[in-house]
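So the sequence shown is numbered by my numbering: it starts at 5 and just counts up by one. Here's the structure we're looking at; comments come further down.
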Amino acid sequence: MMKRGIILYAFIMSILLVCTIVMGNFAYKEVSDAQMLGKVSLHPVKFKEELNTRKEGDVTYVTGRTYYIIYEYQWDGKQENVRLKCDEIYSQNDRETAKAAIKNQEIIERIIYLDNFGKRHFSKCETTKAFQHKHVRTELMPCVMISVIILFPGILWLIIYLAKKREIGLLQSQRPNAIICTGISFIICFFLEIGLFIVVMGVCMLVGLASDPLEAAVCGVLIISEGLALITFLFMQIWNRRVVLDKEEVLFKNAFGKEKRYSKTEITQCRTLNYSAYNGAGFIRRRNFYIHVGKEIIALNDCMTNYYEAIDFAKRNYMCENSGQN
Numbered sequence: 005m006m007k008r009g010i011i012l013y014a015f016i017m018s019i020l021l022v023c024t025i026v027m028g029n030f031a032y033k034e035v036s037d038a039q040m041l042g043k044v045s046l047h048p049v050k051f052k053e054e055l056n057t058r059k060e061g062d063v064t065y066v067t068g069r070t071y072y073i074i075y076e077y078q079w080d081g082k083q084e085n086v087r088l089k090c091d092e093i094y095s096q097n098d099r100e101t102a103k104a105a106i107k108n109q110e111i112i113e114r115i116i117y118l119d120n121f122g123k124r125h126f127s128k129c130e131t132t133k134a135f136q137h138k139h140v141r142t143e144l145m146p147c148v149m150i151s152v153i154i155l156f157p158g159i160l161w162l163i164i165y166l167a168k169k170r171e172i173g174l175l176q177s178q179r180p181n182a183i184i185c186t187g188i189s190f191i192i193c194f195f196l197e198i199g200l201f202i203v204v205m206g207v208c209m210l211v212g213l214a215s216d217p218l219e220a221a222v223c224g225v226l227i228i229s230e231g232l233a234l235i236t237f238l239f240m241q242i243w244n245r246r247v248v249l250d251k252e253e254v255l256f257k258n259a260f261g262k263e264k265r266y267s268k269t270e271i272t273q274c275r276t277l278n279y280s281a282y283n284g285a286g287f288i289r290r291r292n293f294y295i296h297v298g299k300e301i302i303a304l305n306d307c308m309t310n311y312y313e314a315i316d317f318a319k320r321n322y323m324c325e326n327s328g329q330n
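Here's what the structure looks like:
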């Protein structure tokens, strides 16, 4: 199951990487030979409101509104006009902002660039190179945002997996004949994820403060995705346990570090429980193995390492009375 997950994750990231490269190449070809035509003053004359709609059958739903400001400017002795999005000028898509720009006659200055297809672009960039970089970044934004949302949970998972593997190795060296069903401890997981989150958040804040609102928005998406991944993994770790099955005793350590030791003579029952669980996409079969030690129940699930080996080990080495399967 783990190998399939890794292969699927790598496949998705590969597709996103290819899409990013293709889109980046096309975006750069649009402006690779862009020409700076000159600076103009844009005078607002009116604003326009367009409805964003979504059609389902015979019914059309309004999903939002986009506000544009129509500007006039002089070029080669002619009066021309251009339509720019309100949020591109004032960083907010708002009707009152657009009306205020017209009422107050807020004149803005932009530099005109001509791309390889003859289309004019009105930009604040002072150099052609800066304009090219900004254009490519804007075109790549969808791929970047999706990649960020998928990439950072993967990084967290990799860190947890490597730390988990190291912990198992240390335990196995101390008890070479034992079966270890474990995961990374809650405390280690917490500090690993918090540390990564702080680093990412710090970088994003620096980039966001030093860049335009568009790049700051990407950083916001990155922080949100990282935060959601952090919360998800922390909740997953609460259910994480470490169980060591030795020939003479059973060691149980919960996610918060509390450890208990039991002699194998205290074990009264071993049983398996199979059930179906809904994971959002459908029902999946899950398996649990329970070791009863007096009033304590030590539970192993099929997501833990060495799950099936632990069942065989318990059946061979522990005298479990009333063992059963449900």
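Where is the CB? At the ideal position from N, CA and C, for every residue including glycine. None of these values were measured; they are calculated from a predicted model.
The beta-carbon distance between F135 and S127, rounded to whole angstroms, is 5 Å. This is short enough to meet the 8 Å contact definition. Here F121 carries a coil assignment [DSSP, helix/strand/coil].
For T131, the secondary structure class from DSSP, reduced to helix, strand or coil, is coil. Counting of Cβ neighbours within 10 angstroms places L55 among the exposed residues, the total staying below 16.
In this structure, T309 keeps its C-beta atom at 8 Å or more from the C-beta atom of I164. The stretch 284-313 is shown to contain no whole alpha helix (DSSP H) run of 4 or more residues. Between R290 and T276, the gap from beta carbon to beta carbon reaches 8 Å or more.
For Y322, there is no enclosing alpha helix (DSSP H), since its DSSP letter is neither H nor E. Each residue's CA atom was taken as its position, placing Y13 and W161 some 11 Å apart. With a 10 Å radius around the Cβ and a threshold of 16 neighbouring Cβ atoms, R246 comes out buried. Restricted to the stretch 36-113, the alpha helix (DSSP H) segments that are unbroken, complete and at least 4 residues in length are 90-94, 99-107, listed in chain order. Under the three-state reduction of DSSP, E252 is assigned to coil, being neither helix nor strand. In the three-state reduction of the DSSP assignment, K169 falls in the helix class, which pools H, G and I. With 16 or more other CB atoms across the displayed protein chains lying within 10 angstroms of its CB, P48 is buried.
Membership of E270 in any beta strand (DSSP E) is not indicated, and neither H nor E is assigned to it by DSSP. Look at T186 here: in three-state DSSP terms it is coil, with no helix or strand label. Here I159 is exposed. Its C-beta has fewer than 16 other C-beta atoms within 10 Å. Counting only the Cα atoms, I116 lies some 6 Å from R124. The beta carbon of A102 is closer than 7 Å to those of F51, Y71, I73, C90 in its chain, skipping five residues each way along the sequence.
Burial of R114 is indicated by the presence of at least 16 other C-beta atoms within 10 angstroms of its C-beta. In the three-state reduction of the DSSP assignment, N278 falls in the strand class. Shown here for R58: same chain residues with a beta carbon closer than 7 Å to its own, the five before and five after excluded, namely Y65, T67 in chain order. Put simply, of K299, A167, C274, Y279 the residue whose alpha carbon is nearest the alpha carbon of Y322 is C274. A straight-line Cα-Cα distance of about 21 Å links L249 and A167. In the DSSP assignment, V247 is bridged to C185, F256.
The C-alpha of C185 is placed about 9 Å away from the C-alpha of E313. Closest option to L41, judged by alpha-carbon separation, among K299, R179, C129: C129. DSSP, read as helix, strand or coil, puts K262 in coil. The Cβ atoms of Y94 and N85 do not sit closer than 8 Å to each other. Apart from sequence neighbours up to five positions away, no residue of its chain approaches F15 with a beta-carbon distance below 8 Å.
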